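Quick note on the numbering used here: the sequence shown kicks off at 194 and runs consecutively. For every residue, glycine included, the Cβ atom is placed at its ideal position computed from N, Cα and C. Note that the structure is predicted; figures quoted are calculated from it, not measured. Just below is one structure, and these are the notes that go with it.
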Amino acid sequence: MVTCALWGSIRWQEWNSAPATPALLSGTNSCSPPRSAPALLSDSFPRLAPRRGLPRSERCPSSRGFGRLRRMKTRAAVAYEAGKPLVVEEVDLEGPKAGEVLVELKATGVCHTDEFTRSGADPEGIFPVIFGHEGAGIVREVGPGVTSVAPGDHVVLLYTPECRQCKSCLSRKTNLCTAIRATQGKGLMPDGTSRFSKNGKPIYHYMGCSTFSQYTVLPDIAVAKVRNDAPFDTICYVGCGVTTGIGAVLFTAKVEPGANVVVFGLGGIGLNVIQGARMVGADKIVGVDINPAREALGRSLGMTHFVNPKDVKGDLVAHLVELTGGGADYSFECVGNVQLMRQALECCHRGWGVSVIIGVAGAGQEISTRPFQLVTGRVWKGSAFGGARGRTDVPKIVDWYMDRKIVIDPLITHRLPLERINEAFDLMHAGTSIRTVIEYS
Numbered sequence: 194m195v196t197c198a199l200w201g202s203i204r205w206q207e208w209n210s211a212p213a214t215p216a217l218l219s220g221t222n223s224c225s226p227p228r229s230a231p232a233l234l235s236d237s238f239p240r241l242a243p244r245r246g247l248p249r250s251e252r253c254p255s256s257r258g259f260g261r262l263r264r265m266k267t268r269a270a271v272a273y274e275a276g277k278p279l280v281v282e283e284v285d286l287e288g289p290k291a292g293e294v295l296v297e298l299k300a301t302g303v304c305h306t307d308e309f310t311r312s313g314a315d316p317e318g319i320f321p322v323i324f325g326h327e328g329a330g331i332v333r334e335v336g337p338g339v340t341s342v343a344p345g346d347h348v349v350l351l352y353t354p355e356c357r358q359c360k361s362c363l364s365r366k367t368n369l370c371t372a373i374r375a376t377q378g379k380g381l382m383p384d385g386t387s388r389f390s391k392n393g394k395p396i397y398h399y400m401g402c403s404t405f406s407q408y409t410v411l412p413d414i415a416v417a418k419v420r421n422d423a424p425f426d427t428i429c430y431v432g433c434g435v436t437t438g439i440g441a442v443l444f445t446a447k448v449e450p451g452a453n454v455v456v457f458g459l460g461g462i463g464l465n466v467i468q469g470a471r472m473v474g475a476d477k478i479v480g481v482d483i484n485p486a487r488e489a490l491g492r493s494l495g496m497t498h499f500v501n502p503k504d505v506k507g508d509l510v511a512h513l514v515e516l517t518g519g520g521a522d523y524s525f526e527c528v529g530n531v532q533l534m535r536q537a538l539e540c541c542h543r544g545w546g547v548s549v550i551i552g553v554a555g556a557g558q559e560i561s562t563r564p565f566q567l568v569t570g571r572v573w574k575g576s577a578f579g580g581a582r583g584r585t586d587v588p589k590i591v592d593w594y595m596d597r598k599i600v601i602d603p604l605i606t607h608r609l610p611l612e613r614i615n616e617a618f619d620l621m622h623a624g625t626s627i628r629t630v631i632e633y634s
């Protein structure tokens, strides 16, 4: 099963002499209420686009929403083979069954995890498939038994659902709901079938979401109802990158005011870790990246110190320990590079330092350190979707954005229509984008 991971600029490999494959840059996820946070400056919020007419569909007479939709056409970007460009075309979509909802996507982010699978690097990737897992839109129809949302509700889609009934949800120890895990990892709905098809042949779902289609069907436990005045083209990013970064600070590490924090990798995830650390009142917030262009944006989000490993004479870990007065209270690895994971742990303070791994390394890679690092009190933790419980926490994070406690707009560097989605992957490889958002007309 794919977990969300952003990967960093190719320059990360130059740092670590990795093979000529882009290094994974950030990761795939208890809830405790956040401490009060200082208001952050924010750009003005764009207005929502007017609603368009409904697509062609086959419908039954009765209705909640479209009217018991059986099948419809939807525009989608389909991946037929690994490593090939996506094909934008019309595909067939069956309506929602019991416990499912039909969502009209208004915007979706293009995440590095989508590229990880598209490129063929994901050993569990299956084709043909409709990628995308970072979307926001409007519920258009609900299947029998759905009471949590209704047609017209605005939602953020969740690749990490929250059923509130499975052992994991009831434990309150994790956000990793297992209700639909078995089928989601196979690209299928909970009943073991796909809702997408082309010429009668099935097309697989991706991470339970498939937001690269203007319309999609998914379980009702995989959508979070949010306020109607939040702009789709920014809150879609809450569906992955924003929550993964900020949540790792608040929900996984539970960083306290006055703590010293070191963040490895200032991509989409790392920058959100920085603003999460600022939000809770951390003292020193150190960003580590070999791309000097990320310094200005990092500082605007709350970073107090910037370290470019290329400029450090001697050992990077020793430099960070000295800079933080004995070691970081918390460190976050947002790249998915196993060498950085070790450095992130070893720069932590003896006796209590906590290092959180957010980045997801390539298949088969292993992490290592001297056991003495752990015996002397340092802790290694992992975080998926920022430790956030989707239906519970995502609406709060959207509220923080609307209340200007966090910013999203500066992190969205490009906006494109669906027809130009392949350009988003080009921008990603060039290292010129932090997040590209696809807007549906």
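*Helix, strand or coil: which one does DSSP assign to GLU616?*
Here GLU616 carries a helix assignment [DSSP, helix/strand/coil].
*Can you name, in chain order, every residue of its own chain whose Cβ lies under 8 Å from the Cβ of CYS359, other than the five neighbours on each side?*
Scanning its chain for C-beta atoms nearer than 8 Å, with the 5 sequence neighbours on each side dropped, one finds around CYS359 the residues CYS370, THR371, ALA372, in chain order.
*Could you give the DSSP three-state label for GLU272: helix, strand or coil?*
In the sequence as presented, Glu is not what sits at residue 272; that position holds Ala. Three-state result, ALA272: strand.
*Would you say the segment 318 to 326 touches the segment 285 to 292, given that touching needs at least three Cβ pairs under 8 Å?*
No, they do not touch.
*Is the beta carbon of ARG635 sitting closer than 8 Å to the one on LEU459?*
Within the shown structure, residues of the chain are numbered from 194 to 634, placing residue 635 beyond reach of any answer.
*Once you ignore the five residues that flank PRO243 on each side, which residues in its own chain have a CB closer than 7 Å to its CB?*
Bear in mind that a pLDDT of 33 at PRO243, under 50, signals an unreliable position, so the model cannot answer this.
*asked:* Pull the bridge partners of LYS394 from the DSSP assignment, please.
replied: Partner residues in the beta bridge of LYS394, as assigned by DSSP, are LYS391.
*Which residues in the same chain have their Cβ closer than 6 Å to the Cβ of GLY495, if we skip the five residues on either side of it in sequence?*
Excluding five sequence positions before and after GLY495, the CB atoms of its chain that fall closer than 6 Å to its own CB belong to ILE467, GLN468, ARG471, ILE478, given in chain order.
*Can you give the beta carbon distance from TYR523 to VAL448, rounded, assuming they're within the 8 Å contact cut?*
In this structure TYR523 is in contact with VAL448, their Cβ atoms being roughly 5 Å apart against a cut-off of 8 Å.
*Exposed or buried, what is SER576 when buried is set at 16 or more other beta-carbons lying within 10 Å of its beta-carbon?*
Looking at its Cβ environment, which holds 16 or more other Cβ atoms inside 10 Å, SER576 is buried.
_Cβ-based burial, LEU338 [other Cβ within 10 Å; buried from 16]_ = Looking at the sequence provided, one finds Gly at residue 338 rather than Leu. GLY338 comes out exposed.
_Nearest-angstrom Cα separation, counted from VAL294 out to ALA138_ = The structure shown does not extend to residue 138, since the chain is modelled only from 194 through 634, so no value can be given for it.
*Exposed or buried, what is SER561 when buried is set at 16 or more other beta-carbons lying within 10 Å of its beta-carbon?*
Of the residues assessed, SER561 falls on the exposed side of the cut-off, its CB having fewer than 16 other CB atoms within 10 angstroms.
*Expressed to the nearest angstrom, what Euclidean distance is found between the alpha-carbon atoms of THR445 and GLY474?*
Straight-line Cα distance between these residues: approximately 16 Å.
_C-alpha distance - SER626 paired with VAL549, whole-angstrom precision_ = Taking the straight line from one Cα to the other gives about 25 Å.
*Sort VAL510, ASN453, SER403 by Cα distance to GLY302 and report the nearest one.*
Comparing C-alpha distances from GLY302 to each of VAL510, ASN453, SER403 shows the shortest one belongs to SER403.
*Entirely enclosed alpha helix (DSSP H) segments - the segment 520 to 594, minimum 4 residues*: Runs found: 531 to 539, 564 to 568.
*Between the beta-carbon of LEU298 and the beta-carbon of TYR633, is there less than 8 Å?*
Going by C-beta atoms, LEU298 is nearer than 8 Å to TYR633.
*Does DSSP classify MET400 as helix, strand or coil?*
In the structure shown, MET400 adopts coil according to DSSP, grouped into three states.
_Short Cβ contact (8 Å threshold) for LEU443 with LEU604_ = Cβ atoms of LEU443 and LEU604: not closer than 8 Å.
*With 16 other Cβ atoms within 10 Å as the buried cut-off, status of ARG571*: Buried, by the Cβ-count rule.
_Local Cβ density within 10 Å of TRP208, reported as buried at 16 or more and exposed below that_ = Caution is warranted here: a pLDDT of 36 is assigned to TRP208, below 50, making its placement in the model unreliable, and no coordinate value can be reported.
*Closest by C-alpha distance to ILE631, when choosing among GLY292, ASP619, ARG613, LEU620*: The shortest Cα separation from ILE631 among GLY292, ASP619, ARG613, LEU620 belongs to ARG613.
*asked:* Let me make sure I understand the geometry here. Which of ILE462, TYR273, ASN392 has the alpha-carbon closest to that of VAL431?
replied: Residue nearest to VAL431 within the set ILE462, TYR273, ASN392 is ILE462 (criterion: CA-CA distance).
*asked:* Let me check understanding here. Comparing Cα to Cα, which of GLY292, ASN453, TYR273, GLU327 lies closest to VAL284?
replied: When only C-alpha atoms are compared, the closest one is TYR273.
*asked:* For a test of the three-state rule: what should DSSP assign to PHE499, helix, strand or coil?
replied: When DSSP states are grouped into helix, strand and coil, PHE499 belongs to the strand group.
*Can you give me the Cβ contacts of ILE502 inside the same chain, cut-off strictly under 8 Å, excluding the 5 residues immediately before and after it?*
Looking at the sequence itself, residue 502 is Pro, so the reference to Ile does not match. Taken in chain order, the residues that qualify are TRP208, VAL481, ILE483, LEU509.
*6 Å Cβ shell around SER235 - same chain, five flanking residues per side excluded*: Here SER235 scores only 31 on pLDDT, less than 50, and its place in the model should not be relied on; the value that follows carries that caveat. The residues are ARG597, VAL600.
*Less than 8 Å between the CB atoms is what I'm expecting for VAL435 and ILE590, so what's the real figure, rounded?*
About 6 Å separates the beta carbons of VAL435 and ILE590, which is inside the 8 Å limit, making them a contact pair.
*Coil, strand or helix - SER493 by DSSP*: Here SER493 carries a helix assignment [DSSP, helix/strand/coil].
*Please name the residue, chosen from PHE618, GLY580, VAL281, LEU279, that lies closest to ILE439 on a Cα-to-Cα basis.*
When only C-alpha atoms are compared, the closest one is GLY580.
*asked:* Check for me: the beta strand (DSSP E) holding PHE309 runs from which residue to which?
replied: First-last for PHE309: 305 to 311, but that is the alpha helix (DSSP H), not the beta strand (DSSP E).
*Does the distance from the CB of GLY583 to the CB of LEU351 come in under 8 Å?*
Yes, they are a contact pair.
*Figure out for me which residue from GLU559, SER390, THR267 has the closest Cα to the Cα of GLN532.*
Considering only alpha carbons, the answer is GLU559.
*If we call anything under 8 Å between Cβ atoms a contact, is CYS540 one with VAL454?*
Contact check for CYS540 against VAL454 fails: the beta carbons are separated by 8 Å or more.
*Can ILE396 and VAL281 be called in contact, C-beta distance under 8 Å?*
At least 8 Å separates the beta-carbon of ILE396 from that of VAL281.
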